[in-house]
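Novice:
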Amino acid sequence: MNRSPGDTSRRRALADVASAFPARASVVLYACVPPGQKLDDIVMRLRRHVEARDWVVVGEVFDHTPTATPLEHRPNWAQAQAYITTGQATGIVTTSRTACAQTSESSSLVQWLHDQHAFLSEESPTEAGAAR
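Positions in the sequence shown are counted from 1; adding 4 to them yields this note's numbering.
(1) Measuring alpha carbon to alpha carbon, tell me which of Leu50, Glu55, Thr89, Ala82 ends up nearest His118.
(2) Is the Cβ-Cβ distance between Val2 and Val114 less than 8 Å?
(3) If you pair each beta-carbon of the segment 45-61 with each one of the segment 70-90, do three or more pairs fall below 8 Å?
(4) Taking the beta carbon of Ala134 as the centre, do at least 16 other beta carbons fall within 10 Å, making it buried, or is it exposed?
(5) Between which two residues does the alpha helix (DSSP H) carrying Leu75 extend?
(6) My guess is that Glu127 and Arg49 are in contact by the Cβ rule of under 8 Å, so how many angstroms apart are they, rounded?
(7) Span of the beta strand (DSSP E) holding Val32?
(8) Should Gln92 go down as buried or exposed, given a rule of 16 or more other Cβ atoms within 10 Å for buried?
(9) For a minimum of 3 consecutive residues, which ranges assigned as the beta strand (DSSP E) are wholly contained in the segment 46-73?
(10) If I measure Cβ to Cβ from Ala84 and keep anything under 7 Å in the same chain, skipping five residues before and after, which residues do I get?
(11) Please report the distance separating the alpha-carbon of Asp44 from that of His68.
(12) Could you compute how far the alpha carbon of Thr71 sits from the alpha carbon of Gln41?
(13) Is Thr89 helix, strand or coil by DSSP?
(14) Let me know if Ala56 comes out buried or exposed under the rule of 16 or more other beta-carbons within 10 Å of its beta-carbon.
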């Protein structure tokens, strides 16, 4: 989609006010893709979410395990965390908060994000996990 500089500026300002997230945030895409779901569809939805907010994708990390698998047991979750801890990204964009809430301690992810001055944004809080 071609946007004029004015449109881009206006969208950026509206996104900042509406979300309270910083403009041009650097984010990593993360999803736990259960068997039977198409990765391409998930990536497209996540990218659409990011583009609508004018954020910058610096990485993509996916785990092909059931969403009930705790984060610390997912093979690629540490890679997603590394984007935050190294300062390459200031946020994680995922399909739903519940996809990242499976930890041994329910508040540990929220606390970790807070300690890192990072955020978690969910692509579709009402439709996450729904087949499309």
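Ideal placement from N, C-alpha and C gives every residue a C-beta, glycine not left out.
Specialist: Quick look at the numbers:
(1) Thr89
(2) Residue coverage of the chain in this structure runs from 5 to 136, which leaves residue 2 outside it and unanswerable.
(3) no
(4) For Ala134, the pLDDT reaches just 44, beneath the cut-off of 50, and the residue's location in the model is therefore unreliable, although a value from the coordinates is still provided. Ala134 should be labelled exposed.
(5) Taken as a continuous stretch (DSSP letters only), Leu75 belongs to no alpha helix (DSSP H), as it is neither H nor E.
(6) 5 Å
(7) 30-36
(8) exposed
(9) 60-67
(10) Val32, Tyr34, Val65, Ile96
(11) 13 Å
(12) 12 Å
(13) helix
(14) exposed
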